[in-house]
Amino acid sequence: MRRPHRFLARRANAALLLLTILLLLFGLSLVDGWWHSRSPIQSADTVLVRELGLTDLSLFTEARYTRHPSQADRFSAFQDHPAALDHFPSGALLPPPPALSAPSP
Amino acid sequence: MRASLERQRYLLDYTLAALSRRKARNLGLLLAYTLLVFLFSAVLLLSQGLRREAALLLQDAPEVVVQQLMAGRHALLPAAWLDSLRQIRGVGSVKGRLWGYYYDPVIKANYTVMVAPDRSLAADQLIIGAGLARARRLGVADYFSLRAADGRALPFKISGVLDTHSELLSADLILLSEAGFRALFDFPPDHYTDAALTVRNPREAATIAGKIALALPGSRPILRAELLRTYDAVFSWREGMLFVTLGALLLAFMILAWDKTAGLSAEEKREIGILKAIGWETSDILAMKLWEGMLLSLTAFLAGYLLAWWQVFHDGARWFAPVLKGWAVLYPDFRLTPAVDLQQLLVLLGITVLPYIVATLIPIWRAAIADPDAAMRG
Amino acid sequence: MIELREVSKIFNQGQPNECRALCGVSLDLARGGITAFKGPSGSGKTTLLALVGCLARPTSGRILLDGRLLSNLPERFLTEVRRHTFGFVFQQFNLIRGLTVLENVMLPAYPLGWPYRELVNAASILLDRFGLAAKASSRVEWLSGGEAQRTALARALINDPAVLIADEPTANLDSALSREVLTLLGELAGQGRTVLVSSHDPLVFDAAQVDRVVELHDGRIVRDAGRAREPS
């Protein structure tokens, strides 16, 4: 008798194979994360931070208070009203430092 | 055991056959779902990664930074303050820092200009960050003119470019000598931008900050702990328009999914009647529909999450650069360290997979417990 | 084998559109042979078959299968009985669109979890027997009326039921195909299966294969004629 279905032609097997591959990759991503969390970073960054006493990430360079949020003075834009959304798009991602929204001593 | 496994495989067969009847619609749904999961997990992974990176890097930042405030604004710190700070018990070393900003009208970018005392640079030498080098197409031994405070163009020679691996911290940096810095900005000789302190006992940092505020009333001490807290709040979950937008997206998708699943069509109801009539139990139908929900949502979840993982940790979050970059001209090219957060994964699962499965099952339950004789009456 | 005692079925009870489909029907159905239920549409044939096949419960009265009371069994056991005892061929065939002929035939056995190859073989044997082997992997939407009817028949037989219930099996077929179906049903009855057929088609209840004709009208049995047969 003719066999109408080969192993992979069966839909369930194809779907299970796909799910298995995805799950395997997912497992790999977990291992990837776990592996990196074990090896401490001792890179150019840390050396530079120690040497220059850097305090902030150079992620948002458009304004003083986004470039150095931790060092910004009370005059800067979003400190007039700490909860206000900012003129710059990054101001939407970057809240003012907690020290500024707390009542001044 | 074998039979029950084989039963699941048969139910999966049926689900797939049923799904493939509306191939375009279901693939579209899968794609939209994957995209949604991708966006959510990418934002979550990216913000988590950046926060983690910042926390790790800034562990070595100065324990206390002291600024002088004048009329509520950051003012230059007189050199005499350095001595007063040294007098305070518990303070270790005190270093006056010189740094500022320089706006470059050529590419309309802000640079951070900083003195690097340990690099023994000559007065006309610069070291620049890799982001800046890229943006201005500069390299070692090139000349770079900066406009001095008095309007003259000061030529500097680039003696080095910072390691690209540190770009997240140094993309926009210009490092120069103290002499060069003071000449460029016409900086008063007995002043500094601020002071960086080390503390003998790190646990007393807060007490010492209190003492500093008391001894120098015009000062503003910034603790490293505050700095870390600042970065902990960066991209924090609820903040940002991105999440508001994504929330709307999630809602839209839920409406779509609800429409697809909750509005059980007459044909689907008829099919359930037929299946029951030919011998399927209510539990068989529920299991089959559960497979449908699982298959769609699990595939979308895994595919979306893995894509986000690759994009954020192994492709430098390139697709998100425009969002993070905002209006800034200089943007660091960085690689975040992959990190897994179980709680984060659960949150993601909870907001993407769970609602879909529930939305699929409830209407089916109602239909599946109906009498099968509907099949007879056609 | 199957006994009905004072069985009534009322749809939408207590509502303005209440409908008495069956009133106090009592009937004994023996094992084997073809029994045809005859009557105009609305006479209760289909409802009677649905009650016998455990697709619905009677409003009152009792149904017994081999002496076992069915009418008060919980849903799960009723499904169990239905699955192993009855095979159905519906008036509209009720094949599942989008699936192939082979898959449709295998469908009733899916929840039983047989080994895949066995199930495919069993279904293929049935398809061969009904001359559908060439159509095994085509979708059911593309079948002709006769092919769909035979596919439905094969599907009804995959779990090897003792009773085959066919509702108006010739309604959508021309007379040549109708005769063909009757021949098939006759063969099945000859193998010891009980075949219950509802019809208002004279071709069915006048056919030589039919052993007994029960005539219904307005939910009551008005005539019950067993046809004498040579004991075999």
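Protein chains in written order, with this note's numbering: chain A, 1 to 105; chain B, 1 to 378; chain C, 1 to 232.
For each residue, glycine too, the CB sits at the ideal point set by N, CA and C.
Note that the structure is a prediction, hence the values are computed from the model and not measured.
Runs of beta strand (DSSP E) with 3 or more residues, each lying fully within the segment 39-96 of chain C, are found at 60-65 and 86-89, listed in chain order. Note that the C-beta distance between B/T337 and B/F313 is below 9 angstroms.
Interface criterion met: the Cβ of A/L16 is under 9 angstroms from a Cβ in chain B. Think of a sphere of 7 angstroms around the beta carbon of C/L99: the chain B residues whose beta carbon falls inside it are A17, in chain order. For C/T183, the enclosing alpha helix (DSSP H) stretches over residues S175 to G190.
Here DSSP, grouped into helix, strand and coil, assigns B/L216 to coil.
Using a CB distance cut-off of 9 angstroms, B/I274 counts as an interface residue toward chain C.
Cα atoms of B/L197 and B/S170: separation of roughly 21 angstroms, rounded to the nearest angstrom.
Beta-bridge analysis with DSSP links B/I128 to B/V161 and B/I174. Looking at B/L324, B/T352 and B/L290, the one whose alpha-carbon comes closest to that of B/L19 is B/L290.
Inter-residue distance for B/A277 and C/F88 is about 8 angstroms (C-alpha atoms, whole angstroms). For A/R11, the chain B residues whose Cβ falls inside 7 angstroms of its Cβ are D13, L16 and A17, in order along the chain. The DSSP assignment places complete alpha helix (DSSP H) segments of no fewer than 4 residues inside the segment 282-349 of chain B at 282-309 and 321-325, in order along the chain. Excluding residues up to 5 positions away in sequence, T100 and V101 lie with their Cβ nearer than 8 angstroms to the Cβ of C/S138 in the same chain. Here the alpha carbons of B/T112 and B/T34 stand approximately 40 angstroms from one another.
Of all alpha-carbon atoms in C/T183, C/R193 and C/I2, the one lying nearest the alpha-carbon of C/G67 is that of C/I2. DSSP lists B/V66 as the bridge partner or partners of B/P221. When secondary structure is reduced to three states using DSSP, B/M114 falls in the strand class. Listed by position along chain B, the residues whose Cβ is nearer than 8 angstroms to that of C/T170 form an empty set, because the closest Cβ is around 16 angstroms away.
DSSP places C/P16 in the coil class of the three-state scheme, outside both helix and strand.
Contact between C/A123 and C/V105 holds, with the beta-carbon distance rounding to 4 angstroms and staying under 8 angstroms. Interface annotation, B/V329: in contact with chain A, CB-CB separation under 9 angstroms.
Minimum Cα-Cα distance from C/G219 among the listed residues C/V195, C/Q15, C/R179 and C/C23 corresponds to C/C23. In the structure shown, the three-state DSSP call for B/F187 is coil. DSSP, reduced to helix, strand and coil, places C/P115 outside both helices and strands of the structure shown, so it counts as coil.
At a cut-off of 9 angstroms between C-beta atoms, C/R155 counts as an interface residue with respect to chain B. With contacts defined by Cβ atoms closer than 9 angstroms, B/L12 and A/L48 do not form a contacting pair.
Contacts between B/P372 and chain C, judged by CB atoms closer than 7 angstroms, involve L55 in chain order.
Collapsing the DSSP output to three states places C/A30 in coil. It is roughly 15 angstroms from the alpha-carbon of C/V81 to the alpha-carbon of B/D371. According to the DSSP secondary-structure assignment, B/Y101 is paired through a beta bridge with B/T112. In this structure C/Q209 touches C/L182 by the C-beta definition: roughly 6 angstroms separates them, less than 8 angstroms. Spatial neighbours of C/L157 in its own chain (CB-CB distance under 8 angstroms, excluding positions within 5 residues in sequence) are listed in chain order as G87, L126, L164 and L188.
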